[in-house]
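Enquirer:
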Amino acid sequence: MEILVCVKRVPDTAENEINVSRDGSDIERGDLVYSVNEWDNYAVEEAIQIRDKVGGSITVVSVGDGDAEEVLRREMAMGADKGILLSDESFTGSDGKGIARIIKAEVEKGSYDLILTGAQADDGAGQIGGLLAAMLDWPYASLVNKLEVLDDKRIKVGREIAGGNQEMNEMDLPCVLSIQTGINEPRYVGIRGIRKVASVEIPVHKASDLGLAPESVGAAGAKVKRLDYFRPELGEGAEMLEGSAEEKLEKLVEILKTKGGLK
Amino acid sequence: MTQQIFAYIIQKGGKIDDTALELVSAAKKINSASSVTALVAGAGETLAAACSQAAASYETVWKIENEALAHVNAEVLRGMLVRILPKESIVLIPHEHFGMDLAPGLAVKLDAAYLPDAVGFEEITEGKLKAVREEYSGQVSTHLSCDLSGGAVITIRPGSFAGDESKALSGQVVNKSADAAAEGIPGKSRRFIEVVAAEVGDVDITKSEVLVSVGRGIEDQENLEMVNELAAVMGADVACSRPIVDAKWLEKSRQVGTSGQTVKPKVYLALGISGSFQHMGGIKGVPYIVAVNKNPKAPIFQVADVGVVENILEFIPALTQKVKEVKG
Ligand SMILES: Cc1cc2nc3c(=O)[nH]c(=O)nc-3n(C[C@H](O)[C@H](O)[C@H](O)COP(=O)(O)OP(=O)(O)OC[C@H]3O[C@@H](n4cnc5c(N)ncnc54)[C@H](O)[C@@H]3O)c2cc1C
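Quick look at the structure:
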């Protein structure tokens, strides 16, 4: 099975406090810790498990600037066979459809049976898999948390639906799936693995390599454009307990008592 | 603006989802004068009930009935919608499990703009809608401009628009089933098999009066021991956010949120939980929420009643000790 996994380099929101730059044109990127989008690790892990079971190979692909190479390398250290970076000045300002168009052009250069994406990334939009599938005219399932290869033409997938229930479907290959967390436990990537792929060459494909007209991607091709970043309007918010740790404890226990939090 | 606005209604067993009323408010922000049409799809007897319920809030309801929609399949429904939706329509869809499945592909097939996960609309100038989205787990917001001229598919985050409760309408139900299936049933490449119901755990957290809920801030499975101890002295049950279940540290039945349980305790103590909207979706209407987080800007402090900025790894044992003292 030839599997393509789309991955993205994102600021790690568990590690960082994200702030808006003074003029609102971007977030402050100076001291940010970046990592692979959490959901993408689950997608790569799933791809590895499939390949190890039925054979084939895994390509990880990312649309981004030169720095995105580091996440491709990390996923290769995890077990992906090959990485491709899609990078061009003209890609800047692409909306979701633009990104999907760029990836579609790469997909058409290869011959893939299965494409996996993370369920969502830092913007929460969860759009690339569904857009890409429709552009390719391939079937799609979102929020997949179970996957079983039936034969070389069909897979069985479980989709997450509300309330912890799961919807089982059978799908034809080739198809696109967005992978939800919980499907597996992504393996640990050790320093040795990282070293092993440190010098592997990662091809960079530009708009011209992909046969993309510059006006079809980037800000030129985007119907949805980002205007600015801003601090969310804060609601009333919590009453914050102040003072020493001891004082906070006393106040909190008092509150828990009056609100029925201690039985 | 002459474009028609449509709202996709999530319905189950003849009952429409809360988001149905939220989409009315969202649509009115795009065009307060426009008549908004509800799209209600499904099969069987209960569909009529869902349609009439929707008709209390929408001027027009398009009923799309087909056996193939008995369990709604995004691929089948998309094919049907593409046949019946007028050119350049604006389609609003809830940003939840089914909406995320349906919406992006629909935007491609309608050749419309795609704006996912909107939490607010500010204005329209020259056919461009200025919308708000939250990014980076709710830590920052962003304004987006969406060109509506060629139509648009927009998903709306549940709970971000107030539900329009006016319910004064007696809308007209129009049966679009024949048109939608005129060329046969679209899409057979994804076939529904069954729904597997959530496992039942040893504790039913939906019945708990007090919940001590723990998130990724707990860092290590071993640290759950201190959470159990705190819950024990408080007389509470232990719940959690999703990453804890994903790591298999606690069973799925303890997960609070849109893809977990909706809980109604008197007091909800959230420890090391950032407050993603999917998590908060499970504690709507909880009378008292206390949050402890080391990041003073964690979004959960916006919805909690009381907040404490502390490292939970130190705070939990100290709190356990204090509760013990107080209870004697
Ligand atoms: C379709 C879909 C459905 C989902 N359904 C759910 C759902 O039902 N329930 C759910 O919970 N999530 C759900 N999620 C996941 C959700 O988007 C978030 O990823 C998740 O809620 C984050 O959990 P968290 O707050 O524990 O972790 P994080 O967002 O990583 O937050 C951890 C928090 O702990 C704080 N922290 C870290 N260390 C410490 C410390 N030592 N002391 C104090 N604080 C500390 C950090 O500041 C941070 O605020 C869903 C996602 C999708 C895409």
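One line per chain: the protein sequences are A and B, in this order. Just so we're aligned: 263 in the working numbering is position 169 of the first sequence, and the numbers increase by one with no gaps anywhere. Just so we're aligned: 1416 in the working numbering is position 93 of the second sequence, and the numbers increase by one with no gaps anywhere. All residues carry an ideal CB built from backbone N, CA and C; glycine is no exception.
1. Who pairs with Thr1529(B) in a beta bridge, going by DSSP?
2. Just to confirm my understanding: we take Thr1581(B), look at its own chain, exclude 5 residues before and 5 after, and list those with CB closer than 6 Å. What are they?
3. Considering Cα atoms alone, identify which of Leu335(A), Glu254(A), Ala339(A), Leu306(A) is closest to Ile197(A).
4. Is Leu237(A) near ligand 1 - that is, is its Cβ less than 7 Å away from at least one heavy atom of it?
5. Is any heavy atom of ligand 1 found at a distance shorter than 7 Å from the C-beta of Leu1636(B)?
6. Tell me which residues share the same chain as Val283(A) and place their Cβ nearer than 7 Å to its Cβ, disregarding the 5 neighbours each side in the sequence.
7. Taking three-plus beta-carbon pairs below 8 Å as touching, is the segment 1355-1364 of chain B in contact with the segment 1325-1333 of chain B?
8. Out of curiosity, what's the CA-to-CA distance linking Val1556(B) and Lys1647(B)?
9. What does a CB cutoff of less than 7 Å around Asp1502(B) pick up in its chain, not counting 5 residues either side in sequence?
10. For Lys342(A), is the classification buried or exposed, using 16 other Cβ atoms within 10 angstroms of its Cβ as the cut-off for buried?
11. Taking the alpha-carbon positions, what's the Gly124(A) to Tyr1611(B) distance?
12. Going along chain B in order, which residues have a C-beta closer than 7 Å to the C-beta of Thr107(A)?
13. When you compare the CB positions of Leu210(A) and Ala141(A), do they come within less than 8 Å of one another, or not?
14. Taking DSSP's pairing of strands, which residues face Ser1464(B) in a bridge?
15. Buried or exposed for Asp146(A), going by 16 or more other Cβ atoms inside 10 Å?
16. What is the rounded straight-line gap between the Cα of Asn1618(B) and the Cα of Val130(A)?
17. For Trp1572(B), name the three-state secondary structure that DSSP assigns.
18. Provide the residue span of the beta strand (DSSP E) that contains Thr1325(B), from first to last.
19. Please report the distance separating the alpha-carbon of Ala1593(B) from that of Glu340(A).
20. Between Gly158(A), Gly177(A), Asp246(A), which has its C-alpha nearest Ala194(A)'s C-alpha?
21. Out of Val127(A), Ser115(A), Val165(A), Ala137(A), which has the shortest C-alpha to C-alpha gap to Ala292(A)?
22. Output needed for Thr1643(B): all residues of its chain with C-beta closer than 8 Å, excluding positions within five of it in sequence on either side, in chain order.
23. Would Tyr136(A) and Ile288(A) qualify as a contact pair, given that the criterion is a beta-carbon distance under 8 Å?
24. If you follow the alpha helix (DSSP H) that Gly192(A) is in, where does it begin and where does it stop?
25. Whose C-beta lies closer than 6 Å to the C-beta of Val1414(B) among residues of the same chain, with five residues either side of it excluded?
26. Could you give the distance in angstroms between the alpha-carbon of Thr1448(B) and the alpha-carbon of Gly1598(B)?
27. For the segment 210-230 of chain A, which residues have a beta carbon sitting closer than 7 Å to at least one beta carbon of chain B?
28. Rounded to a whole number of angstroms, what is the C-alpha to C-alpha distance between Glu261(A) and Ile1416(B)?
29. Check whether chain A comes within 8 Å of Ile1516(B), counting only Cβ atoms and requiring the distance to be less than that.
30. For Lys319(A) versus Ala1436(B), is the C-beta spacing smaller than 8 Å?
31. How far does the alpha helix (DSSP H) with Phe1444(B) in it extend, from its first residue to its last?
32. First and last residue of the beta strand (DSSP E) that includes Trp133(A)?
33. Let me see if you follow: with CB-CB separation under 8 Å, is Met334(A) close to chain B or not?
34. Counting Cβ pairs, one atom from each stretch, are 3 or more of them under 8 Å apart for the segment 1613-1627 of chain B and the segment 1565-1584 of chain B?
35. Closer than 8 Å by beta-carbon distance: list the chain B residues that pair up with Asp322(A), in chain order.
36. Could you check where the alpha helix (DSSP H) with Pro1427(B) kicks off and where it finishes?
Expert: Looking at the atomic coordinates:
1. Looking at the DSSP output, Thr1529(B) shares a beta bridge with no other residue.
2. A distance below 6 Å between beta-carbons, with the five flanking residues on each side excluded, links Thr1581(B) to the following residues of its chain, in chain order: Gln1601, Gly1604.
3. The option with the nearest alpha carbon to Ile197(A) is Leu306(A).
4. Closer than 7 Å to some heavy atom of ligand 1: that describes the Cβ of Leu237(A).
5. Yes; taking the cut-off as 7 Å, the Cβ of Leu1636(B) has a heavy atom of ligand 1 nearer than that.
6. Same-chain partners within the cutoff: Arg168, Ala171, Met172.
7. Yes, the segment 1355-1364 of chain B touches the segment 1325-1333 of chain B.
8. Spanning the alpha carbons of Val1556(B) and Lys1647(B) requires a straight line of approximately 7 Å.
9. Cβ neighbours of Asp1502(B) within its own chain (closer than 7 Å, five residues either side excluded): Arg1406, Ile1407.
10. So Lys342(A) ends up on the buried side.
11. Distance between the alpha carbons of Gly124(A) and Tyr1611(B): 38 Å.
12. Within 7 Å Cβ-Cβ: Tyr1459, Ser1460, Gln1462.
13. Going by C-beta atoms, Leu210(A) is nearer than 8 Å to Ala141(A).
14. Paired residues: Phe324(A), Glu1457(B).
15. Counting the other Cβ atoms within 10 Å of the Cβ of Asp146(A) gives fewer than 16, which makes it exposed.
16. Cα to Cα, the separation comes out at about 22 Å.
17. DSSP places Trp1572(B) outside both helix and strand once states are collapsed to three, so it counts as coil.
18. Annotation for Thr1325(B): no beta strand (DSSP E) segment contains it, and DSSP assigns it neither H nor E.
19. Answer to the nearest angstrom: the Cα atoms are 19 Å apart.
20. For the options Gly158(A), Gly177(A), Asp246(A), the alpha carbon positioned closest to that of Ala194(A) is the one of Gly158(A).
21. Put simply, of Val127(A), Ser115(A), Val165(A), Ala137(A) the residue whose alpha carbon is nearest the alpha carbon of Ala292(A) is Val165(A).
22. For Thr1643(B), same chain residues with a beta-carbon under 8 Å away, outside a window of 5 residues either side, are Met1549, Glu1552, Leu1553, Val1556 in chain order.
23. Cβ distance not < 8 Å, so Tyr136(A) and Ile288(A) don't count as in contact.
24. Note, Gly192(A): alpha helix (DSSP H), 190-201.
25. Only Phe1329, Val1476 meet the Cβ criterion.
26. Just so you know, the alpha carbons of Thr1448(B) and Gly1598(B) end up roughly 33 Å apart.
27. Contacts with chain B (Cβ-Cβ distance below 7 Å) from the segment 210-230 of chain A involve Asp216, Asp217, Gly218, Ala219, Gly220, Gln221, Gly224, Leu225, Ala227, Ala228, Met229, listed in chain order.
28. Approximately 20 Å, taken between the alpha carbons.
29. With its beta carbon less than 8 Å from one in chain A, Ile1516(B) belongs to the interface.
30. By the CB criterion at 8 Å, Lys319(A) and Ala1436(B) fall outside the cutoff.
31. Unbroken run through Phe1444(B) is the beta strand (DSSP E), 1443-1448; no alpha helix (DSSP H).
32. Bounds of any beta strand (DSSP E) do not take in Trp133(A); it lies within the alpha helix (DSSP H) bounded by 132-148.
33. Chain B contact via Cβ: present.
34. They do not touch, by the three-pair rule.
35. Thr1465, His1466, listed in chain order.
36. 1420-1432 is the span of the alpha helix (DSSP H), which, as asked, contains Pro1427(B).
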